[in-house]
Amino acid sequence: MDAFIQHLQTRLKQPLPGQEAQYRMARAFRPVTVSPPENAALAGVLALFFPKNDEWQLALIERVVTHAGDRHSGQISFPGGKYEAADGILMNTALREAHEEVGIAPEEVKMLGPLTELYIPVSNFLVHPFVG
Numbered sequence: 022m023d024a025f026i027q028h029l030q031t032r033l034k035q036p037l038p039g040q041e042a043q044y045r046m047a048r049a050f051r052p053v054t055v056s057p058p059e060n061a062a063l064a065g066v067l068a069l070f071f072p073k074n075d076e077w078q079l080a081l082i083e084r085v086v087t088h089a090g091d092r093h094s095g096q097i098s099f100p101g102g103k104y105e106a107a108d109g110i111l112m113n114t115a116l117r118e119a120h121e122e123v124g125i126a127p128e129e130v131k132m133l134g135p136l137t138e139l140y141i142p143v144s145n146f147l148v149h150p151f152v153g
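Quick note, the sequence shown lines up with residues 22 to 153 if you use our numbering.
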């Protein structure tokens with residue numbers, strides 16, 4: 022099982038495919054945004070891998086349905102959320118939110134590295150994903 026983690030660590034040290042790969046996965050009608058606006062809110066999310074039954078699993082959550090205007094209610098996503106000043110850095114945001122949403126203590130997560138940030142136009146979030 023360690024071979025998978027070692028592969029991830031090695032791969033995350035190399036150049037990432039970035040926005041080109043993200044846009045290949047996006048819906049056809051989504052506009053291609055070269056750079057997010059200055060007022061974009063910052064968010065951190067965690068692609069959290071964990072062992073179960075001798076296999077690696079990826080933690081996903083279903084966003085809580087809060088109100089009709091929340092554009093992300095009910096979506097499947099990585100644990101994560103909005104940056105708070107007390108976080109200091111966005112990696113800490115991802116760890117804090119993962120703790121709040123799936124109960125994993127930050128000190129139990131071995132951070133492997135960041136992925137390419139992604140701008141979400143519908144909610145004006147600049148999301149910084151991390152792998153752990």
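From the three backbone atoms N, C-alpha and C, an ideal C-beta is built for every residue, glycine too.
Bear in mind the structure is a predicted one, so any value in this text is a computation, not a measurement.
Put simply, the stretch 127–143 does not touch the stretch 102–109. Fewer than three CB pairs are less than 8 Å apart. Under the DSSP assignment, PHE25 falls in the alpha helix (DSSP H) whose first and last residues are 23–33.
Of all alpha-carbon atoms in GLN78, PRO135, GLN96, the one lying nearest the alpha-carbon of PRO36 is that of PRO135. The beta carbons of VAL123 and GLY153 sit about 12 Å from each other, so the pair does not count as a contact at 8 Å. Taking a 10 Å sphere around the C-beta of VAL86, we find fewer than 16 other C-beta atoms and assign the residue as exposed. If you compare the alpha carbons of TRP77, ASP75, GLN96 with that of GLU83, the shortest gap goes to GLN96. For PRO127, the three-state secondary structure derived from DSSP is helix. Counting C-beta atoms within 10 angstroms of its own C-beta, HIS149 has 16 or more neighbours from the protein chains shown and is therefore classed as buried.
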